[in-house]
Amino acid sequence: MERELSTQENTAHSDDKQQPDVASIMARIRQRVKNQLNENSNKKPSFHSFKADFEKNRKAGELLHSEELRYLNSNYIYSPRLQLEAVTTHRRGPLAKLVVKFKRKVLAIVWDYLLKDYFEAEKNYQANLVRYLNDVSKYVDARDAANFWELIRKIDVDITRALERIERINDEQTASLRTLERSLYEALNSALKDVQSNLHDLNENAAVSAEKLKTLESVVSGIEGILASLGKKEMPPEAERGESDDYADFSYLLLENRFRGSEEEIAERLSIYPPYFKGAKNTVLEIGSGRGELQKLLSEAGINCRGIDTDRAMVERARQQGFDVLHGDGIGYLRTLEDRELSGLIAIQVVEHLPQKALEELIQLAAKKVESGGKIIFETINPRSLLALSSNYFRDPTHVFPLHPDTLSYTVQLAGLKVIELKELSAVPEEARLRKIKVEEFMTPRWAALVENINRNIDQLNDLIYGYQDYCIVAEVP
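Take a look at the structure:
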């Protein structure tokens with residue numbers, strides 16, 4: 150269509166005499182535009198995205214402080230007065246002054262009647278225009294700054310909301326993980342408690358089985374010793390002193406083997422005594438030597454020792470092991486000795502078998518027969534422990550009366566001996582004692598105080614019920 154219009158224009162210009170028919174040309178243009186609109190009615194117009202040019206856009210504050218605006222503010226004002234002194238001429242002589250006066254007069258007339266009002270109006274126009282540009286610049290910059298800080302505020306709000314949402318999601322995920330972790334922990338803890346309970350039961354069963362096995366071995370060992378002694382035809386040598394029976398009663402030996410423990414266990418408990426007699430020059434007498442556990446320890450330590458026991462079966466068992474053991478009454482044997490003949494005396498689990506008068510005589514004789522500086526040791530059951538009193542003391546039918554540590558210590562001191570040590574022995578295993586309640590972190594202060602009070606009571610009950618089962622008094626002859 151543009152090509153045809155160009156052709157028609159060229160034809161019109163080439164023929165000056167022919168005038169263009171504007172009505173027919175516009176009719177043809179309208180018809181072609183209508184045809185093109187009909188042809189393209191089903192076609193969608195193509196989309197062209199706008200691309201911002203950041204290099205051409207001004208930032209906030211640049212328009213108000215631009216060099217152009219500064220130039221307009223500095224140069225829009227000019228002087229309204231006509232500078233006639235500036236009118237001069239190049240001519241010389243008297244005629245020059247007339248020419249200058251004439252020019253100034255003409256210029257003043259032209260200025261006053263023609264140009265003065267025009268330039269005054271132009272001056273006002275330029276002043277108003279500059280003031281308007283200043284106001285527009287301030288407004289545009291203020292709007293730009295307001296839009297900028299509003300955008301910053303919106304971005305800050307959006308970021309804050311996004312962070313809050315992230316924190317909320319994180320809290321929810323953390324809570325879920327902690328719940329899952331707690332569930333797994335409780336499940337594992339429950340399974341672990343079941344395993345520990347089963348293991349504890351197995352350990353208890355194994356301990357009971359081991360204890361029964363040790364008891365069986367001890368009984369078998371005692372029976373073997375009895376059978377071996379019954380096979381001998383000769384009676385014990387006449388060196389024995391005191392009362393004696395025609396035959397040995399093995400019932401008490403079997404009782405010792407059954408309940409007191411094996412010889413190895415007794416020897417381990419008695420290993421604390423040989424150091425007290427270290428350096429003894431004369432004999433150390435053991436009253437109630439039993440199966441000879443302490444005699445073996447003293448001999449291995451190089452200490453000259455002798456034992457005496459009223460039970461013939463015990464004596465025969467000790468003699469079979471090669472120890473110097475007499476059958477008879479210990480008090481009666483002490484009466485036959487010279488004063489200060491012994492370097493020490495020890496009686497393990499003996500004094501509870503004696504009446505009070507016999508006990509006092511034993512201690513007084515020991516104080517006479519042991520040399521000065523020698524040690525006298527008495528071990529017995531601790532009546533302050535209900536477990537020892539109910540299990541160990543009343544199990545033996547030959548016990549006469551339990552001796553409190555204070556009572557025995559007082560009796561020893563009345564005999565003129567110096568008590569240098571009172572030692573508690575045979576502690577109850579921790580697993581057999583009453584167990585304390587653990588103070589958990591989640592407990593309130595009131596519950597924690599209650600649990601601590603209960604634990605203090607448990608300690609007192611443990612001391613009363615499960616205290617040390619034995620004790621010994623170590624005295625020295627002055």
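Sequential numbering from 150 applies to the sequence shown in this note's numbering.
Note that CB positions come from ideal geometry on N, CA and C, so glycine has one too.
Quickly, what does DSSP pair residue i with across the bridge? List them, please.
i	result
R455	L434
T529	Y620
H476	D458
K572	C621
A147	There is simply no residue 147 to check, as the chain begins at 150 and stops at 627 in what is shown.
K585	The partner list for K585 (beta bridge, DSSP) is empty, contrary to what the question assumes.
K567	E625
V182	Beta-bridge pairing links V182 to no other residue.
L491	V519
For residue i versus residue j, is the C-beta spacing smaller than 9 angstroms?
i	j	result
V577	G522	no
G456	E435	yes
D619	L574	yes
L511	G479	yes
L133	L483	Any answer about residue 133 is impossible in this case: the structure gives the chain only from 150 up to 627.
K458	A450	Sequence check: residue 458 is Asp here, not Lys. No; because the gap between Cβ atoms is not below 9 angstroms, this pair is not in contact.
T485	N453	no
F527	A624	yes
G439	Q470	no
I525	L475	no
V626	A516	yes
I415	S534	no
L218	S286	yes
S346	A429	no
I716	V600	Residue 716 lies beyond the range of the chain shown here (150 to 627); nothing can be said about it.
Should residue i go down as buried or exposed, given a rule of 16 or more other Cβ atoms within 10 Å for buried?
i	result
N531	buried
F268	exposed
G242	exposed
V464	buried
Y422	buried
N541	buried
L337	exposed
A598	exposed
Y425	buried
I301	exposed
D350	exposed
Q609	exposed
L244	exposed
Rounded to the nearest angstrom, how far is the Cβ of residue i from that of residue j, given a contact under 8 angstroms?
i	j	result
N222	V279	6 angstroms
E509	T560	6 angstroms
T237	V249	6 angstroms
S420	L447	About 11 angstroms; that fails the 8 angstroms criterion.
If we count Cβ pairs, one from each stretch, closer than 8 angstroms, do we get three or more for the segment 552 to 565 versus the segment 574 to 590?
no
Do the segment 588 to 600 and the segment 557 to 576 make contact, defined as three or more Cβ pairs closer than 8 angstroms?
no
Quick test of the definition: if touching needs 3 or more C-beta pairs under 8 angstroms, does the segment 601 to 616 touch the segment 489 to 505?
no
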